[in-house]
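> For the sequence shown, the positions run 1 to 71 when UniProt numbering is used. This is the structure, below, for whatever I ask next.
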Amino acid sequence: MAAQQATEDSARKKREIADAERHLGEDPSGRDAARFAAGWLEANIRNRLDVIPIKTRKYLEVAIAFLKKVE
């Protein structure tokens, strides 16, 4: 069961990366890339709050806030 979940997570991450790479060339301002990065970080932080150290989580929250300002 855990192996299947890991495989699904890996496939999902690969799709997300491919989508992001595809969109990078379409938006010269980089706003779409920033929006994608902020959303991706937020989703991963929410899903893994129990394993992310508090100090690291704070750095990630600052990065998300910065990316949202770029939007």
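Ideal placement from N, C-alpha and C gives every residue a C-beta, glycine not left out. As the structure is a prediction and not an experimental result, all values here were calculated from the model.
For Ile64, which three-state DSSP category applies?
Reduced to three states, the DSSP call for Ile64 is helix.
> Taking only the alpha-carbon atoms, compute the straight-line gap between Glu8 and Ile17 and give it to the nearest angstrom.
The straight-line gap from Cα to Cα measures roughly 14 angstroms.
> Tell me the DSSP secondary structure of Val51 in three-state form.
Three-state result, Val51: coil.
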